[in-house]
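**Student:**
Protein chains in written order, with the working numbering: chain A, 102 to 491; chain B, 102 to 491.
Dropping the structure here:
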């Protein structure tokens, strides 16, 4: 097992009717800014419910909507200015990963005086911590299970064609309310995206090389097995509480630091996927579903031991040669994504060989020339992966 | 899945040579009280190493040793008085569960002015939070993997023949250093106790009734499978790093709130076990190993669905009638404990039928008359369990 740090102070409040805890969770004298996305929070009535709960004490409550998918720095600047101008002292994100990520950036940037007027510079620290000493405290009300943002200190922020990570130990939500019922109204395609996103977050931290991280491996396998068991059901039967509750909790657990502590991590698929989203506007999860199987096909040798373990423990594939077992596990994975209505080929999204060079150029521009758990995925290997995904 | 809260802010620093992080983790101007147990921290040199690290900054460092197994209120009072008198502002527990539990109590009690002179009253709140608003901040350096105390807000404190739980959200360690190498010098019997303790912490939260807590079940099963895989090895080969690292991490994960969130919890075995330890001085884990199989024999019907799942997924028992599979899983469990040198019968510890009434009297005295995940283990059922354990 590798050495590691694990720290995650977010208070999770999980289950039916937990919105009523808001009045206990948000300071009673706070000046609150509610942040949300494209309007579904309004349409579904969640926003009104949140405001009703906040009104139970003497809070001042303002709103900032319009934080879309792949939250844009230019949009977030509006919220940052509002926080500074109106002396907001608590943020409450109501939405999915994009709203939560955007809110994290607002929380960090609003208090970071040395970055005032040059907030863009906060996007230059990669996966290392941004140099801030505090942030506006914030909570979240989750409406879309997928990114795990509700229980970590990471965000991904878009700046034009750049999609960049931001991390800070101050960017953990103080609390996150996870009521599976609030996710019932999601379109099926977003639920399917959430299942795939969670699945690939998990394998990025699991299908690497073996280091005797037994708890981590078993826990990752448990998430994958659960997703396979409940994935199609929660897409097809959105109001089945238990299936949805398991998706919500798995999505949180897949990216809160737990399964990645003390084991190697890949993130190759994510880095290529981010470029595809930035260039072509394809949903994050859908880019991952195209790239992940191709990564395994190209890097079968490097990941052999864990791919065999994955085949055995997750898909119960025990017969055949090593290559046969690995190939079967990869095709089972593709079939699983497809069963949720998610395509697994670049060509399914009308991308062709010519687009591959654009993606490679973007990877090069962002310094993504030594990807994977072993750092040996060069641009040439990425080209191979993209070709395998055609 | 049941509704739940999950909150665990302890910063875990895991791995080889992590003691050198102490200087970053403990405030540099702190007045530190190092707490430890019966002397092994001194004998093994851990205490000296800790003091060397703390001396890297201008800290005042005092010591308080002698916190034995099943930490006694009367002993802890000495530390509480020292903290108050010398205005200690950081505690550092170096040891196993007893030292950590004792230190938690010291942390809570020292600042609780309304309890000054009547600290015993802090033991009256059961599993609910004690009414304190703060505590002396503290960290831990783990030397014995077993209790999970390094990453939770619970302690068990002895007051004569009473063994009582204490909980506070202020009783989470700020940090815990988990270096498996520091546990190499433990006697084999203590390592075996740690394996059994971790195993039974896990099943107390898993072998109950089914509520579709799929992540929780799979994670619990992962801990149990890991313990079965590495248990005997880490007892027999104490310096095998990976086996020991997996024990240490599983012990922490078994009782940090994760696997119990959103699922029923039993703790029947622990409540009976605590009385046996208090009355007869038998090691905590050894009492659990006697009682847990008996609980399953007596409550086979109530736990049927989860016992069958346990037989299938943990022991790979798939053949035979339901009763045969359950019986086989129970005997496999007993054999596992025995393989570590841990006895599984009251009579192995020279307890007989006459002692059962003493244990039942103690349970009655402490109000333990409606135990288990369904609250229907009366004193009569406890008698049956104890008889089955003879």
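Glycine included, C-beta positions come from ideal geometry on N, C-alpha and C. Quick caveat: nothing in here was measured; it's all calculated off a predicted structure.
What residues from chain B crowd round residue 114/A, counting only those whose CB sits closer than 7 angstroms?
**Tutor:** Here the neighbours are 106.
**Student:** Any C-beta of chain B sitting closer than 7 angstroms to the C-beta of residue 343/A?
**Tutor:** yes
**Student:** How big is the Cα-Cα spacing for residue 348/B and residue 120/B?
**Tutor:** 19 angstroms
**Student:** Just tell me which of 241/A, 158/A and 407/A has its CA closest to the CA of residue 321/A.
**Tutor:** Nearest C-alpha to residue 321/A: 407/A.
**Student:** Rounded to whole angstroms, what is the Cα-Cα separation between residue 159/A and residue 134/A?
**Tutor:** 14 angstroms
**Student:** Assuming residue 111/A and residue 316/B make a contact with CB atoms under 8 angstroms, what is their CB distance in whole Å?
**Tutor:** Not a contact, Cβ separation roughly 17 angstroms.
**Student:** Is any beta-carbon of chain B found at less than 7 angstroms from that of residue 319/A?
**Tutor:** yes
**Student:** So is residue 548/A buried or exposed if we call it buried at 16+ other beta carbons inside 10 Å?
**Tutor:** Here chain A covers residues 102 to 491 and nothing more, so residue 548/A does not appear.
**Student:** Quickly, what does DSSP pair residue 162/A with across the bridge? List them, please.
**Tutor:** 133/A
**Student:** Does the distance from the C-beta atom of residue 297/A to that of residue 390/A stay below 7 angstroms?
**Tutor:** Yes, they are a contact pair.
**Student:** Using a C-beta cutoff of 7 angstroms, does residue 110/A count as contacting chain B?
**Tutor:** It does: the Cβ of residue 110/A has a partner Cβ on chain B nearer than 7 angstroms.
**Student:** Could you run through the region 285-315 of chain A and flag, in chain order, every residue whose CB is less than 9 angstroms away from some CB of chain B?
**Tutor:** Answer set for the region 285-315 of chain A: 312, 313, 314 and 315.
**Student:** Of all the residues that make up the region 227-251 of chain B, which are near chain A by a beta-carbon distance shorter than 7 angstroms?
**Tutor:** none
**Student:** Confirm the yes/no value for this check: CB of residue 335/A, any heavy atom of the ligand HEM, distance under 6 angstroms.
**Tutor:** The model on display carries no ligand, and the ligand HEM is accordingly not part of it.
**Student:** Applying a beta-carbon distance threshold of less than 8 angstroms, which residues of chain B neighbour residue 330/A?
**Tutor:** 315
**Student:** Which same chain residues end up closer than 7 angstroms to residue 412/B when comparing Cβ atoms and leaving out the 5 residues on each side of it in sequence?
**Tutor:** Cβ neighbours of residue 412/B within its own chain (closer than 7 angstroms, five residues either side excluded): 418, 426, 427, 429 and 430.
**Student:** Going by the CB atoms, is the gap between residue 370/A and residue 399/A shorter than 7 angstroms?
**Tutor:** Taking a C-beta distance under 7 angstroms as the contact criterion, residue 399/A and residue 370/A do not qualify as a contact pair.
**Student:** What would DSSP say about residue 157/A, mapped onto helix, strand or coil?
**Tutor:** coil
**Student:** Output the distance between the C-alpha atoms of residue 435/B and residue 353/A, rounded to the nearest integer angstrom.
**Tutor:** 36 angstroms
**Student:** Contact defined as beta carbons within less than 8 angstroms: I believe residue 140/B pairs with residue 166/B. What is the distance between those atoms, to the nearest angstrom?
**Tutor:** Right, their Cβ atoms sit about 7 angstroms apart.
**Student:** Nearest chain B C-beta to residue 347/A closer than 7 angstroms, yes or no?
**Tutor:** yes
**Student:** Would you mind working out which of 220/A, 387/A, 203/A and 137/A sits nearest residue 254/A, comparing C-alpha positions?
**Tutor:** 203/A
**Student:** Distance check for residue 368/B and residue 466/B, CA to CA, integer angstroms please.
**Tutor:** 18 angstroms
**Student:** Name the chain A residues whose beta carbon is nearer than 8 angstroms to that of residue 119/B?
**Tutor:** 104
**Student:** For residue 191/B, does the count of other Cβ atoms within 10 angstroms reach 16, so buried, or fall short, so exposed?
**Tutor:** buried
**Student:** Got a sec? Which residues, its chain only, sit under 8 angstroms from residue 376/A by beta carbon, not counting five neighbours each side?
**Tutor:** 264, 460, 463, 464, 467 and 469
**Student:** Please identify the residue among 323/B, 234/B, 251/B and 313/B whose C-alpha is closest to the C-alpha of residue 240/B.
**Tutor:** 251/B
**Student:** Whose C-beta lies closer than 7 angstroms to the C-beta of residue 302/B among residues of the same chain, with five residues either side of it excluded?
**Tutor:** 249, 355 and 356
**Student:** Does DSSP put residue 211/A in a helix, a strand or coil?
**Tutor:** helix
**Student:** Contact defined as beta carbons within less than 8 angstroms: I believe residue 258/A pairs with residue 224/A. What is the distance between those atoms, to the nearest angstrom?
**Tutor:** 6 angstroms
**Student:** Using three-state DSSP, classify residue 273/B as helix, strand or coil.
**Tutor:** coil
**Student:** Quick one: residues in its chain with C-beta nearer than 7 angstroms to the C-beta of residue 185/B, no 5 flanking neighbours on either side, listed in chain order?
**Tutor:** For residue 185/B, same chain residues with a beta-carbon under 7 angstroms away, outside a window of 5 residues either side, are 211 in chain order.
**Student:** Mind checking if residue 323/B is an interface residue toward chain A, Cβ cutoff 7 angstroms exclusive?
**Tutor:** yes
**Student:** Just tell me which of 453/A, 107/A, 182/A and 125/A has its CA closest to the CA of residue 155/A.
**Tutor:** The candidate whose alpha carbon is nearest that of residue 155/A is 125/A.
**Student:** Anything in chain A within Cβ reach of residue 350/B, meaning under 9 angstroms, just list it in chain order.
**Tutor:** Within chain A, the residues near residue 350/B are 102, 314, 315, 316, 317, 362 and 363.
**Student:** Can you give the beta carbon distance from residue 220/A to residue 181/A, rounded, assuming they're within the 8 angstroms contact cut?
**Tutor:** Indeed, because the Cβ distance is near 7 angstroms, the residues count as touching under 8 angstroms.
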